[in-house]
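Engineer:
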Amino acid sequence: MEAENKTTLPDVQSSEDERNIAINRVGVRGIRLPVIVAGREAPQHTVADITMTVSLPADKKGTHMSRFIALMEELSEPLDADLMRRLFAEMLERLHAEDGTIEIRFPFFVRKIAPVSKLESIMNYQCALIASSVKGEVTVRQEALAPVTSLCPCSKEISRYGAHNQRSHLTSSLILSAPMSFEEQVAIAENSASCQLWSRLKRSDEKYVTEYAYDHPKFVEDLVRDMAKALNADDRVVAYRVEAENFESIHNHSAYAWIERDKRL
Numbered sequence: 011m012e013a014e015n016k017t018t019l020p021d022v023q024s025s026e027d028e029r030n031i032a033i034n035r036v037g038v039r040g041i042r043l044p045v046i047v048a049g050r051e052a053p054q055h056t057v058a059d060i061t062m063t064v065s066l067p068a069d070k071k072g073t074h075m076s077r078f079i080a081l082m083e084e085l086s087e088p089l090d091a092d093l094m095r096r097l098f099a100e101m102l103e104r105l106h107a108e109d110g111t112i113e114i115r116f117p118f119f120v121r122k123i124a125p126v127s128k129l130e131s132i133m134n135y136q137c138a139l140i141a142s143s144v145k146g147e148v149t150v151r152q153e154a155l156a157p158v159t160s161l162c163p164c165s166k167e168i169s170r171y172g173a174h175n176q177r178s179h180l181t182s183s184l185i186l187s188a189p190m191s192f193e194e195q196v197a198i199a200e201n202s203a204s205c206q207l208w209s210r211l212k213r214s215d216e217k218y219v220t221e222y223a224y225d226h227p228k229f230v231e232d233l234v235r236d237m238a239k240a241l242n243a244d245d246r247v248v249a250y251r252v253e254a255e256n257f258e259s260i261h262n263h264s265a266y267a268w269i270e271r272d273k274r275l
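Using my numbering, you'd call the opening residue of the sequence shown number 11 and step up by one each time.
Structural data, given as C-alpha cells:
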C-alpha cells in the first residue's frame, strides 16, 4: 500500500495554470557547492555560488526545482566555457525549457611571485561563468575581477611631491571563440593598471610597487581603454565589456568607466 501511494503521488508542478501568464525566469538562487575550474596549468578546486533559472510557459504551473540541484551535483569535470554550453543544454532538456540562465561565481586563486624579493603568495580573484539564452540564442560569458592599484595623473602633475593613488577593480566579461584561461584574463587587467597587487610584499617590493605606480599614472578612462586595446588585438575575444572602478582615496565616491564592444558587428 505504501509503495502504491508513492508511485501515484500527483505531480503538481506539471499541472496546468489557468492564469495564462508566462514567467521569464524561475529557478534556484544561492546554491553553494564545491566545483572544479579549469586553470592554465591544472584544474583548481573552489566553492561556487550558483543561480540556475529557466523560462516557464504560461500554461505550466511550476518547474522542477530539484532537477537544478541534481544537475550540479552530478558535475565532475572542470568548468570552462565549453562545459558551460553542455551543462546549459542539459539543463534546458531536463526542465523542458526553451531559455534559461546558469550563473556560477567563485573565487579563483593564482600563486604570484613578488617583484623584487621573489616571495611567493596567493592572490584571489572573483570570477564567473555565465550561460544564458534568449529565443534560443545561447551566449557564454567568462568574467574576472582583478584588484589593482591606480595612480592619478592629474595629482602627479600638479603636486610638488607625491600623488594620490587607490585600489581599483578591473572587470572583464568576455565572449570567446577559443579558450582563454582565467590567469590570462586576469593578467590583461593587471597589465592595464598602474601596478598589480600581491598578497605579501617585503620592503624592497613595496618600494618597487610605489615607484612603478608613480611611473605609470592612469585615469579610470586609461584603465578601460588599455584593457579594450588588449582585447581588440586578441582574436579569441568575440565580444567584451570592461569596467573600472576606482575607490578614490581623496573622495567619498568612486570613479567609474566601462567600454563594451561586439567584434561581430
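All C-beta atoms in this analysis are idealised placements derived from N, C-alpha and C, irrespective of residue type, glycine included.
1) Enumerated in chain order, which unbroken segments of the alpha helix (DSSP H) with a length of 4 residues or greater are wholly contained in the stretch 170 to 223?
2) Which residue comes first and which comes last in the beta strand (DSSP E) that contains Ala280?
3) Compute the distance between the beta-carbons of Met94 and Val150, then report whether it is under 8 Å.
4) Can you determine whether any heavy atom of the ligand PLP sits closer than 7 Å to the C-beta of Lys273, and answer yes or no?
5) Pick out whichever of His106, Glu51 and Glu130 has its Cα sitting closest to the Cα of Lys212.
6) Rounded to a whole number of angstroms, what is the C-alpha to C-alpha distance between Glu12 and Ser76?
7) When we look at the beta-carbon of Ala138 and count the other beta-carbons within 10 Å, is it buried (16 or more) or exposed?
8) What do you get for Val57, buried or exposed, if any count of 16 or more other CB atoms within 10 angstroms of its CB means buried?
9) Which word fits Tyr135, buried or exposed, when buried means at least 16 other C-beta atoms lie within 10 angstroms of its C-beta?
10) Per DSSP, Asp59 forms a beta bridge with which residues?
11) Under 8 Å, do Ser183 and Glu153 count as touching if we go by C-beta distance?
12) Rounded to whole angstroms, what is the Cα-Cα separation between Phe119 and Thr73?
13) Ignore the nearest five residues each way along the sequence and tell me which others in Leu105's own chain have a CB closer than 7 Å to its CB.
14) Looking at the structure shown, is Asp225 part of a helix, part of a strand, or coil, going by DSSP?
15) Do Phe98 and Ala141 have their C-beta atoms closer together than 8 Å?
16) Quick check on Tyr250: buried or exposed, where buried means 16 or more other Cβ atoms within 10 Å of its Cβ?
17) For the stretch 109 to 123 against the stretch 165 to 176, are there 3 or more C-beta pairs whose distance is under 8 Å?
18) Which of the three DSSP states, helix, strand or coil, is assigned to Cys137?
19) Closest to Ser1 by C-alpha separation, out of Tyr224, Cys162 and Ala238, would be which residue?
20) Looking only at its chain, what residues have a beta carbon closer than 8 Å to the beta carbon of Arg215, apart from the 5 residues adjacent to it on each side?
21) Give me the Cβ distance between Val230 and Tyr266, rounded to the nearest whole Å; I'm assuming they're in contact under 8 Å.
Structural biologist: Let me spell this out:
1) 192 to 200
2) Residue 280 is absent from the structure shown; the chain starts at 11 and stops at 275.
3) Reading the sequence shown from its first residue, position 84 is the one you call residue 94. Reading the sequence shown from its first residue, position 140 is the one you call residue 150. Yes, they are a contact pair.
4) The ligand PLP is absent from the structure shown, which contains no ligands of any kind.
5) Counting from one through the sequence shown, the residue named residue 212 turns up at place 202. Measuring from the Cα of Lys212, the nearest candidate turns out to be Glu130.
6) Position 2 of the sequence shown, counted from the first residue, corresponds to residue 12. Position 66 of the sequence shown, counted from the first residue, corresponds to residue 76. Bear in mind that the predicted position of Glu12 carries a pLDDT of just 48, short of 50, making it unreliable; the figure below should be weighed with that in mind. If I take the Cα positions, the gap works out to 23 Å.
7) Position 128 of the sequence shown, counting from 1, holds the residue named residue 138. When all chains shown are included, Ala138 counts as buried.
8) Position 47 of the sequence shown, counting from 1, holds the residue named residue 57. By the 10 Å Cβ count, Val57 comes out exposed.
9) For the purposes of this step, residue 135 is taken as the residue at position 125 of the sequence shown. Label assigned to Tyr135: buried.
10) Position 49 of the sequence shown, counted from the start, is the residue given in the question as residue 59. Looking at the DSSP assignment, Asp59 forms a beta bridge with Arg42 and Arg115.
11) Position 173 of the sequence shown, counted from the start, is the residue given in the question as residue 183. Position 143 of the sequence shown, counted from the start, is the residue given in the question as residue 153. Yes, these two residues count as a Cβ contact at 8 Å.
12) Residue mapping note: residue 119 aligns to position 109 of the sequence shown, counting from 1. Residue mapping note: residue 73 aligns to position 63 of the sequence shown, counting from 1. Taking the straight line joining both Cα atoms gives about 36 Å.
13) Locating residue 105 in the sequence shown gives position 95, where the first residue counts as 1. Closer than 7 Å at Cβ, skipping near neighbours: Val64, Thr73, His74 and Arg77.
14) By one-based count along the sequence shown, residue 225 stands at place 215. If DSSP states are grouped into helix, strand and coil, Asp225 belongs with the helices.
15) Position 88 of the sequence shown, counting from 1, holds the residue named residue 98. Position 131 of the sequence shown, counting from 1, holds the residue named residue 141. Yes, these two residues count as a Cβ contact at 8 Å.
16) Counting from one through the sequence shown, the residue named residue 250 turns up at place 240. Tyr250 is buried by the Cβ-count criterion.
17) no
18) As a position in the sequence shown, residue 137 is number 127, starting the count at 1. DSSP places Cys137 in strand when its eight states are reduced to three.
19) Since the first residue shown for the chain is 11 and the last is 275, residue 1 is missing from the structure and cannot be characterised.
20) For the purposes of this step, residue 215 is identified with residue 205 of the sequence shown, where counting begins at 1. Sequence inspection shows Asp at residue 215; the Arg mentioned does not correspond to that position. So the list reads Ala124, Pro125, Val126, Ser127, Leu129 and Trp208, once near-sequence residues are dropped.
21) For the purposes of this step, residue 230 is taken as residue 220 along the sequence shown, with counting starting at 1. For the purposes of this step, residue 266 is taken as residue 256 along the sequence shown, with counting starting at 1. Rounded, the Cβ-Cβ distance is 7 Å, consistent with contact.
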